[in-house]
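**Student:** By the numbering used here, the letter at position 7 of the sequence shown is numbered 20, and the numbering carries on one by one without gaps. Please see the structure below; I have some questions.
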Amino acid sequence: MMASARGRGIWRRLRRSGAFRSAAASVVTAAVALLAACELTEVTIAESDDVVISETQLTINLHDDGGTSLAVYSYLHRTLSAARADEVEGAMVRVSGESGATVQLEAADSGGVCLYRPEPEDDNDDDPFREIGSCYRARVSPSPFSPGEVLELEVLLPEGGTLTGASRIPSAFDFIGLTHEDGYCRLEPDTNYRFNWTEAAGTWSYLSDAWIEGLPQALAGRDVEAPDSLYLTGFAIGQDDTDVLFPGEYGLFDLGEGADTDLLRILDDGLPGGAWARVGFAATDRNWVNWARGGNFNPSGIIRIPSVFGDGTGFFGTATQRVLHVRAGAGGDGMPPLCGPAEPPES
């Protein structure tokens with residue numbers, strides 16, 4: 014297609030002006046001689062196949078008491094969802110481990126559950142570009158699988174096809190130098206804190222996301238508009254990149270309505286007093302990194318690399334995760350302990 018477009022462009026330039034006909038006569042004669050030795054080939058554009066895409070994420074949550082819990086989501090949809098507006102219902106989705114344990118996922122409401130389902134801009138059900146699909150999930154506590162274990166995914170489609178994938182769960186990790194109580198810790202107002210953790214073997218990327226609440230109240234006297242809830246995210250490529258500055262090194266995923274650039278500058282200096290956040294730290298495997306990408310985050314190039322094969326495509330990614338609750342405020346009764354020394358401001 015690229016070569017054809019360029020050829021048409023050259024052809025237009027040669028024909029665009031009658032004043033050039035005499036000067037171009039020798040060029041045309043030479044072109045005819047060259048074309049006589051060439052055979053034009055008719056190009057047919059093949060129609061795209063309508064196949065199922067399976068996007069599955071499995072996370073082992075690591076708890077402070079040494080326990081674990083499992084959360085796994087699988088989003089099944091089609092490459093031609095606009096042409097076939099039917100969900101992939103009636104599939105059987107299960108994950109099996111080296112230990113012999115098996116978890117079968119159950120059908121669930123897609124809205125807000127499957128992690129990769131894009132939300133429509135409005136409630137127009139007739140929008141042909143509204144992506145739809147079927148969501149399957151399972152939550153198990155304690156987790157029947159362990160960090161470092163190799164897992165296999167199997168998806169049996171209602172029409173009889175099969176999709177499979179495999180992943181080794183990244184190893185467990187622990188925070189370094191962090192003080193907390195039951196997963197809660199405190200920051201002094203308007204300060205940053207650098208979280209550090211041990212390496213998780215088998216990790217390709219550490220992803221951290223934070224939901225910040227209470228900003229309108231915390232910034233009430235600063236003449237800054239802020240959303241009720243703000244989502245920030247940060248990531249580090251490589252197994253040995255084991256620290257992140259919160260919230261200074263996190264990116265704003267969605268400012269929401271009413272927020273302005275002043276909020277960015279405030280968060281660069283730290284979490285405002287009175288605000289609080291739920292912060293997750295996940296060590297993700299190769300499959301997760303190769304599929305989940307956006308913006309300039311392209312560790313494997315601009316093309317997503319699948320890890321699910323068979324009668325369709327997709328990815329099967331695994332992760333281990335720890336979650337903290339962070340509050341900004343002065344110490345006192347009812348407040349959790351200080352997370353640790355604040356990061357010195359840049360000079």
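All C-beta atoms, glycine included, are put in the ideal place defined by N, C-alpha and C.
Quick check: the Cα distance between L176 and V321, rounded to an integer number of angstroms?
**Tutor:** For the purposes of this step, residue 176 is taken as the residue at position 163 of the sequence shown. For the purposes of this step, residue 321 is taken as the residue at position 308 of the sequence shown. One C-alpha to the other measures close to 6 Å.
**Student:** Thinking just about the alpha-carbon of each residue, which of T297, A233 and V108 is nearest to the one in A179?
**Tutor:** On the sequence shown, position 166 is the one that residue 179 refers to. Per the Cα distances, V108.
**Student:** Are V292 and S221 close, meaning C-beta to C-beta below 8 Å?
**Tutor:** Numbered from its first residue, the sequence shown carries residue 292 at position 279. Numbered from its first residue, the sequence shown carries residue 221 at position 208. For V292 and S221, yes; Cβs fall inside 8 Å.
**Student:** To the nearest angstrom, how far is the alpha carbon of G79 from that of S154?
**Tutor:** The residue you call residue 79 lines up with position 66 of the sequence shown. The residue you call residue 154 lines up with position 141 of the sequence shown. Cα to Cα, the separation comes out at about 12 Å.
**Student:** I'd like the span of the alpha helix (DSSP H) that includes N303, first residue to last.
**Tutor:** Your numbering for residue 303 matches position 290 in the sequence shown. Its alpha helix (DSSP H) spans residues R299 to W304.
**Student:** Using 10 angstroms around the beta-carbon of P357, count the other beta-carbons present and answer buried if the total reaches 16, otherwise exposed.
**Tutor:** In the sequence shown, residue 357 corresponds to position 344, counting from 1. So P357 ends up on the exposed side.
**Student:** Touch check for the segment 237 to 249 and the segment 198 to 214: three-plus C-beta pairs under 8 Å?
**Tutor:** The segment 237 to 249 is not in contact with the segment 198 to 214.
**Student:** Enumerate, from N- to C-terminal direction, the unbroken alpha helix (DSSP H) stretches of 4 or more residues contained entirely within the segment 207 to 269.
**Tutor:** DSSP runs (the alpha helix (DSSP H)) wholly in the segment 207 to 269: 228 to 231.
**Student:** Would P158 and I73 be called neighbours here (beta carbons separated by less than 8 Å)?
**Tutor:** As a position in the sequence shown, residue 158 is number 145, starting the count at 1. As a position in the sequence shown, residue 73 is number 60, starting the count at 1. Correcting the residue identity first, residue 158 is Phe in this sequence and not Pro. Yes; because the gap between Cβ atoms is below 8 Å, this pair is in contact.
**Student:** If we count the other Cβ atoms within 10 Å of its Cβ and call it buried at 16 or more, is T211 buried or exposed?
**Tutor:** Start at 1 with the first residue of the sequence shown, and residue 211 comes out as number 198. Exposed.
**Student:** Which residues bound the beta strand (DSSP E) around L166?
**Tutor:** If you number the sequence shown from 1, residue 166 lands on position 153. Run containing L166: V163 to L169, per the beta strand (DSSP E) assignment.
**Student:** Please report the straight-line C-alpha distance between D275 and V85, rounded to a whole angstrom.
**Tutor:** Taking the sequence shown and counting its residues from 1, the one referred to as residue 275 is at position 262. Taking the sequence shown and counting its residues from 1, the one referred to as residue 85 is at position 72. Cα to Cα, D275 sits roughly 38 Å from V85.
**Student:** Given a cut-off of 8 Å, decide if P202 and G364 are closer than it, judged by their beta-carbon atoms.
**Tutor:** What is shown of the chain runs 14 to 360, which leaves residue 364 out entirely.
**Student:** Is it buried or exposed, D363, if we count other Cβ atoms within 10 angstroms and call 16 or more buried?
**Tutor:** With the chain running from 14 to 360 in the structure shown, residue 363 is simply not present.
**Student:** Can you give me the C-alpha to C-alpha distance between G234 and G190, rounded to a whole angstrom?
**Tutor:** Counting from one through the sequence shown, the residue named residue 234 turns up at place 221. Counting from one through the sequence shown, the residue named residue 190 turns up at place 177. Using only the alpha carbons, I get a separation of about 34 Å.
**Student:** So the beta strand (DSSP E) T407 belongs to, where does it begin and stop?
**Tutor:** Outside the modelled stretch of the chain, which goes from 14 to 360, sits residue 407, for which no answer is possible.
**Student:** Please name the residue in A121, L351 and G325 whose C-alpha comes closest to that of T92.
**Tutor:** In the sequence shown, the residue the question calls residue 92 occupies position 79. For T92, the nearest C-alpha among the options comes from G325.
**Student:** Whole-angstrom Cβ separation of P260 and A223, contact assumed at under 8 Å?
**Tutor:** As a working mapping, residue 260 is identified with position 247 in the sequence shown. As a working mapping, residue 223 is identified with position 210 in the sequence shown. The Cβ separation is near 7 Å, so the contact holds.
**Student:** Taking the beta carbon of P354 as the centre, do at least 16 other beta carbons fall within 10 Å, making it buried, or is it exposed?
**Tutor:** Along the sequence shown, one-based indexing puts residue 354 at 341. P354 comes out exposed.
**Student:** Just how far apart, CA to CA, sit P160 and V101?
**Tutor:** On the sequence shown, residue 160 is found 147 positions in, with the first residue counted as 1. On the sequence shown, residue 101 is found 88 positions in, with the first residue counted as 1. Roughly 30 Å between the two C-alpha positions.
**Student:** Once the 5 residues before and after D122 are set aside, which same chain residues still bring their CB inside 8 Å of it?
**Tutor:** To locate residue 122, count along the sequence shown from 1; it is residue 109. So the list reads C148, once near-sequence residues are dropped.
**Student:** Comparing C-alpha positions only, which one of V302, L284, N300 and N303 sits nearest to R340?
**Tutor:** Looking up residue 340 in the sequence shown gives position 327. If we check each option's Cα against that of R340, L284 comes out closest.
**Student:** Just the C-alpha distance for T81 and S156, rounded to the nearest angstrom, thanks.
**Tutor:** Position 68 of the sequence shown holds residue 81. Position 143 of the sequence shown holds residue 156. Spanning the two alpha carbons is a distance of roughly 6 Å.
**Student:** Smallest Cα separation from S67: which of M348, L83, V168 and A120?
**Tutor:** On the sequence shown, position 54 is the one that residue 67 refers to. Measuring from the Cα of S67, the nearest candidate turns out to be V168.
**Student:** When burial is assigned at 16 or more other CB atoms within 10 Å of the CB, is R21 buried or exposed?
**Tutor:** Here the question's residue 21 lines up with position 8 in the sequence shown. Annotation note: pLDDT 27 at R21 (below 50); position unreliable, no value reported.
**Student:** Which word fits I316, buried or exposed, when buried means at least 16 other C-beta atoms lie within 10 angstroms of its C-beta?
**Tutor:** Mapped onto the sequence shown, residue 316 falls at position 303. Exposed.
**Student:** Output the boundary residues of the beta strand (DSSP E) element that contains T274.
**Tutor:** Here the question's residue 274 lines up with position 261 in the sequence shown. T274 -> not in any beta strand (DSSP E); alpha helix (DSSP H) instead, spanning T274 to D281.
**Student:** Can you name the residues that DSSP bridges to T204?
**Tutor:** Mapped onto the sequence shown, residue 204 falls at position 191. According to DSSP, which records beta bridges pairwise, T204 is partnered with L284.
**Student:** Measuring alpha carbon to alpha carbon, tell me which of P171, L228, A295 and G330 ends up nearest Y103.
**Tutor:** Your numbering for residue 103 matches position 90 in the sequence shown. The residue you asked about is not Tyr; residue 103 is Gly in the sequence shown. Cα-wise, what sits closest to G103 is P171.
**Student:** Note the first and the last residue of the continuous beta strand (DSSP E) segment covering A121.
**Tutor:** Within the sequence shown, the letter at position 108 stands for residue 121. Here the beta strand (DSSP E) through A121 covers E119 to A121.
**Student:** Just the C-alpha distance for G227 and E359, rounded to the nearest angstrom, thanks.
**Tutor:** By one-based count along the sequence shown, residue 227 stands at place 214. By one-based count along the sequence shown, residue 359 stands at place 346. Approximately 26 Å between the Cα atoms of the pair.
**Student:** Quick one: give me the first and last residue of the beta strand (DSSP E) that V106 is part of.
**Tutor:** In the sequence shown, residue 106 corresponds to position 93, counting from 1. Segment M105 to G110, the beta strand (DSSP E) holding V106.
**Student:** Counting along the chain, where does the beta strand (DSSP E) carrying V101 start and finish?
**Tutor:** What you label residue 101 is simply residue 88 of the sequence shown in a count that begins at 1. Neither: V101 is in no beta strand (DSSP E) and is coded neither H nor E.
**Student:** Taking I182 and T333 to be in contact with their CB atoms under 8 Å, please state how far apart those CB atoms are, rounded to whole angstroms.
**Tutor:** Position 169 of the sequence shown, counted from the first residue, corresponds to residue 182. Position 320 of the sequence shown, counted from the first residue, corresponds to residue 333. 6 Å between Cβ atoms; contact.
**Student:** Measuring alpha carbon to alpha carbon, tell me which residue in E238, L258 and L337 is nearest W289.
**Tutor:** Numbered from its first residue, the sequence shown carries residue 289 at position 276. When each option's Cα is compared against that of W289, the closest is L337.
**Student:** Expressed to the nearest angstrom, what Euclidean distance is found between the alpha-carbon atoms of T238 and P229?
**Tutor:** Reading the sequence shown from its first residue, position 225 is the one you call residue 238. Reading the sequence shown from its first residue, position 216 is the one you call residue 229. Looking at the sequence itself, residue 238 is Glu, so the reference to Thr does not match. C-alpha separation (whole angstroms): 7 Å.
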